[in-house]
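Colleague: Below are the structure tokens for one structure; questions will follow.
In my numbering, the protein residues as written are 14 to 112.
Have a look at this one:
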């Protein structure tokens with residue numbers, strides 16, 4: 014989960030808001046080498062398939078200074094995965110009710 018930790022530590026930390034996430038993912042994809050983009054995608058797939066939302070909860074807290082509920086961690090993980098894959102048809106505002 015090193016790449017997810019890196020993403021929270023360097024991109025989606027306490028200084029960023031949820032409405033900036035699309036911009037931050039684009040920045041990550043533009044700046045970082047392909048190896049790290051692929052690693053982030055793989056780590057997100059692993060979390061989603063295993064439904065290990067506690068991993069995201071812990072990383073968000075330790076590296077991003079954020080407190081996520083289980084539902085919020087699930088929705089955020091799925092949303093982040095969609096953004097990494099280039100699917101921008103999902104609006105973060107649509108997920109706020111679940112956060």
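We put the beta carbon where it would ideally sit given N, CA and C, even for glycine. Nothing here was measured: the structure is a model prediction, and the numbers come from that model.
Going straight from the alpha carbon of residue 112 to that of residue 39, what length do you get?
Modeller: Confidence in residue 112 is poor, its pLDDT being 46 and thus under 50, which makes the residue's placement unreliable; the coordinate value appears in the next sentence. Near 22 Å, if we compare the C-alpha coordinates of residue 39 and residue 112.
Colleague: Counting Cβ pairs, one atom from each stretch, are 3 or more of them under 8 Å apart for the segment 63-71 and the segment 35-54?
Modeller: No, the segment 63-71 does not touch the segment 35-54.
Colleague: Helix, strand or coil for residue 18? Go by DSSP, reduced to three states.
Modeller: Looking at residue 18 - three-state DSSP - the assignment turns out to be helix.
Colleague: Please report the residue range of the alpha helix (DSSP H) in which residue 73 lies.
Modeller: Unbroken alpha helix (DSSP H) run through residue 73: 66-77.
Colleague: Check whether the segment 21-37 and the segment 70-87 touch, using three or more Cβ-Cβ pairs below 8 Å as the test.
Modeller: Yes: at least three Cβ pairs fall under 8 Å.
Colleague: To which residues of the same chain is residue 34 closer than 8 Å at the C-beta, ignoring the five residues directly before and after it?
Modeller: Within the same chain, residue 34 has close Cβ partners 25, 92, 93, 96 and 105.
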